[in-house]
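Residue numbers for the sequence shown, in the working numbering: 277 to 422. We treat Cβ as the ideally placed atom computed from N, Cα and C, and that holds for glycine. The block underneath contains the structure these notes are about, expressed in structure tokens.
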Amino acid sequence: MSEAARSNLERQSIVVAAILEKMLEGGVLPEWISAETFSAAYAEAGYPARFDSESLIEDIIAWLDREQIIFVKNSMQGTEGEMVWECGLTAKGIHLVQTPTAIFGGLTPQQVIEGKAKGDAPASQYVKAGSFLGGLFGGAIKSMSG
């Protein structure tokens, strides 16, 4: 799928997968991140060179935190006026990324995300990883409320 043909959800899923990749690096320890941390993911997702990446990251981090996939230990304004967050994976987040699933041929979202980081997985798998996790959360919420 061309970058221009990607939906907002697919583009956001690439950024979600990049955030989770960064969180996986830290394991249970929090990592400091800012909007600049994910500039390669924005380009891959097809975002324009100049857009409000800080608002996007802020919204995604808030969503992942509300869904209890990550925890935000600290947030502050950086030395150049940008927002920075100290966050990491929760137990629920670790479980979700380490559970094998049929959508990835029995692989875990973590294996797909880490494979993409090494260049082993195609971008479409990266989109699937972010979308898969988003779908899990949405489905769980629907089942709890319905």
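* I309 by DSSP, collapsed to three states: which one? -> Taking the sequence shown and counting its residues from 1, the one referred to as residue 309 is at position 33. Strand at I309.
* Distance, A293 Cα to E307 Cα -> Here residue 307 is taken as the residue at index 31 of the sequence shown, counted from 1. Here residue 293 is taken as the residue at index 17 of the sequence shown, counted from 1. Their backbone Cα atoms lie some 15 Å apart in a straight line.
* Write down the C-beta distance between V360 and S310 rounded to the nearest angstrom, noting that I regard them as a contact closer than 8 Å. => One-based indexing of the sequence shown puts residue 360 at position 84. One-based indexing of the sequence shown puts residue 310 at position 34. Between V360 and S310 a beta carbon distance of about 5 Å is seen, short of the 8 Å cut, so the two are scored as contacting.
* To do: Please work out which residues of its chain come closer than 6 Å, Cβ to Cβ, to R282, disregarding the five sequence neighbours upstream and downstream, and give them in chain order.
  => Here residue 282 refers to the residue found at position 6 of the sequence shown. The answer, listed in chain order, is G322.
* From G302 to S329, what does the alpha carbon distance come to, in whole angstroms? -> Residue 302 sits at position 26 when you count from the first residue of the sequence shown. Residue 329 sits at position 53 when you count from the first residue of the sequence shown. In a straight line, the C-alpha of G302 is about 22 Å away from that of S329.
* Alpha carbon of V388 to alpha carbon of F380, nearest angstrom -> Taking the first residue of the sequence shown as 1, we reach residue 388 at position 112. Taking the first residue of the sequence shown as 1, we reach residue 380 at position 104. About 8 Å.
* Have a look at the DSSP bridge pairing and note the partners of W361. => Here residue 361 refers to the residue found at position 85 when the sequence shown is read from its first residue. Paired residues: I309 and S351.
* Locate the alpha helix (DSSP H) running through E343, then write down its first and last residues. => Along the sequence shown, one-based indexing puts residue 343 at 67. It is not in any alpha helix (DSSP H) - E343 carries neither H nor E in the DSSP assignment.
* Below 7 Å CB to CB, which residues in the same chain sit around K368 once its five sequence neighbours on both sides are set aside? => Walking along the sequence shown from the start, residue 368 turns up at place 92. The answer, listed in chain order, is Q344 and I345.
* Inspect the beta-carbon positions of I295 and L340 and report whether they are closer than 8 Å. => Counting from 1 along the sequence shown, the entry for residue 295 is found at position 19. Counting from 1 along the sequence shown, the entry for residue 340 is found at position 64. Remark: C-beta atoms of I295 and L340 approach each other more closely than 8 Å.
* Thinking C-beta only, is Q386 closer than 8 Å to L300? -> Reading the sequence shown from its first residue, position 24 is the one you call residue 300. Reading the sequence shown from its first residue, position 110 is the one you call residue 386. Yes, the Cβ-Cβ distance between L300 and Q386 is below 8 Å.
* To do: Give every residue of the same chain whose Cβ lies closer than 7 Å to the Cβ of S315, excluding the five residues on either side of it in the sequence, and list them in chain order.
  => Here residue 315 is taken as the residue at index 39 of the sequence shown, counted from 1. Cβ within range, chain order: n/a, list empty.
* Asked: For C363, which of S331, G391, A338 and F327 has the nearest alpha-carbon?
  -> Here the question's residue 363 lines up with position 87 in the sequence shown. Cα-wise, what sits closest to C363 is A338.
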